[in-house]
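Shown next, in structure tokens, is the structure this report addresses.
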Amino acid sequence: MSALPKPPGAAPDAPVAPRPALRVRSMRADDLDAVMAIESAVYPFPWTRGNFADSLKAGYDAWVFKAAEGASGELLGYAVVMWIPDEVHLLNLSVDGAMHGRGIGRAMLDWLMRDGRRRGARGMMLEVRPSNHAAIALYRNAGFAQIGVRRRYYPAPHGAREDAWVMFREFDDE
Ligand SMILES: CC(C)(COP(=O)(O)OP(=O)(O)OC[C@H]1O[C@@H](n2cnc3c(N)ncnc32)[C@H](O)[C@@H]1OP(=O)(O)O)[C@@H](O)C(=O)NCCC(=O)NCCS
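In the working numbering, the protein residues as written are 1 to 174.
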């Protein structure tokens, strides 16, 4: 991965969305144990610790999300975003498996889109497995449309490969 300039203006530790109430800050190296615990539980083919470390070194936006209230301080989710350079490319969006279905993924995605728009991106792009119905429903509900397919993009069980759908949401409508 190549180092790309990071647009100025990210606001660490800012409130996210009214419902559910989350807080966000930049991911740090000392978050990686908690990040990897979630990552290895929610994906059949998870990123490695090295993938996250490389993303931090490359200067990608990497965010961790926690509950705004409460003392636990447990990570609810995290995201990694690459600027390319007038679009944001969502590389990873993950919510703790025990917390799925409570609106956290949508709140994180809405914050990431607001942050991208505020910092000058014209839209957000991502790849998703066609078999990932929860993620596709999340992205469609959030205004993303499929714009292409990358053939045999992902590893799949038994040495097979799975296509990626490329989805895009333009930021011109709000
Ligand atoms: C995809 C993911 C981030 C969604 O997070 P979440 O917090 O569970 O999602 P939310 O509760 O915010 O749901 C948002 C929308 O997603 C959709 N959705 C979520 N879970 C779903 C499921 N199991 N089946 C169908 N749709 C689902 C719904 O459309 C929902 O909208 P609704 O509020 O109208 O019901 C989460 O399932 C996850 O971390 N999965 C593992 C990692 C992953 O696959 N990331 C995406 C990689 S591209």
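C-beta: ideal position from N, C-alpha, C; glycine also.
With 16 as the cutoff for other CB atoms within 10 Å, does residue 52 come out buried or exposed? The count along the sequence shown starts at 1 and reaches residue 52 at position 52. Buried, since its Cβ has 16 or more Cβ neighbours within 10 Å.
Tell me whether the beta-carbon of residue 66 lies closer than 8 Å to the beta-carbon of residue 59. As a first step, residue 66 is located in the sequence shown; it is residue number 66 there, counting from the start. As a first step, residue 59 is located in the sequence shown; it is residue number 59 there, counting from the start. Taking 8 Å as the Cβ cut-off, residue 66 and residue 59 do not qualify as a contacting pair.
Where residue 69 falls, given that 16 or more other Cβ within 10 Å makes a residue buried: Against the sequence shown, residue 69 aligns to sequence position 69. Flag for residue 69 reads exposed.
Measuring only from the beta carbon, is residue 145 closer than 7 Å to any heavy atom that is part of ligand 1? Translated into positions along the sequence shown, residue 145 becomes position 145. No, the beta carbon of residue 145 sits no closer than 7 Å to any heavy atom of ligand 1.
Please report the residue range of the alpha helix (DSSP H) in which residue 133 lies. As a position in the sequence shown, residue 133 is number 133, starting the count at 1. Start and end: 133 to 141.
Could you say which of 41, 32, 40 and 37 lies nearest to residue 56 if we only look at CA atoms? Numbered from its first residue, the sequence shown carries residue 56 at position 56. Checking every option, the nearest Cα to that of residue 56 belongs to 32.
Nearest residue (CA-CA) to residue 63, options 110, 83, 92 and 25: The residue labelled residue 63 in the question sits at position 63 within the sequence shown. Of 110, 83, 92 and 25, the residue nearest in Cα terms is 25.
Residue 169 and residue 124: beta carbons closer than 8 Å? Residue mapping note: residue 169 aligns to position 169 of the sequence shown, counting from 1. Residue mapping note: residue 124 aligns to position 124 of the sequence shown, counting from 1. Their beta carbons are under 8 Å apart, which means residue 169 touches residue 124 by this criterion.
Among the residues of its own chain, which have a CB less than 7 Å from the CB of residue 49, if the five just before and after it don't count? Taking the sequence shown and counting its residues from 1, one reaches residue 49 at position 49. Contacts found: 32 and 36.
Expressed to the nearest angstrom, what Euclidean distance is found between the alpha-carbon atoms of residue 30 and residue 54? Within the sequence shown, the letter at position 30 stands for residue 30. Within the sequence shown, the letter at position 54 stands for residue 54. Here the C-alpha atom of residue 30 lies approximately 14 Å from the C-alpha atom of residue 54.
Backbone secondary structure at residue 74 - three-state DSSP: Translated into the one-based positions of the sequence shown, residue 74 becomes position 74. Coil.
Going along the chain, which residues of its own chain have a beta-carbon closer than 6 Å to the beta-carbon of residue 159, five neighbours each way excluded? As a first step, residue 159 must be located in the sequence shown, where it is residue number 159. Annotation for residue 159: no residue places its beta carbon closer than 6 Å to its own, counting only its chain and skipping 5 residues before and after.
Answer yes or no: the CB of residue 42 versus the heavy atoms of ligand 1, is any distance below 7 Å? Locating residue 42 in the sequence shown gives position 42, counting from the first residue. Result yes, Cβ under 7 Å from ligand 1.
Buried versus exposed call for residue 149 [16 or more other C-beta atoms within 10 Å across all chains shown]: Position 149 of the sequence shown, counting from 1, holds the residue named residue 149. Looking at its Cβ environment, which holds fewer than 16 other Cβ atoms inside 10 Å, residue 149 is exposed.
Nearest residue (CA-CA) to residue 133, options 80, 164 and 86: Position 133 of the sequence shown, counting from 1, holds the residue named residue 133. The residue with the shortest Cα to Cα distance from residue 133 is 164.
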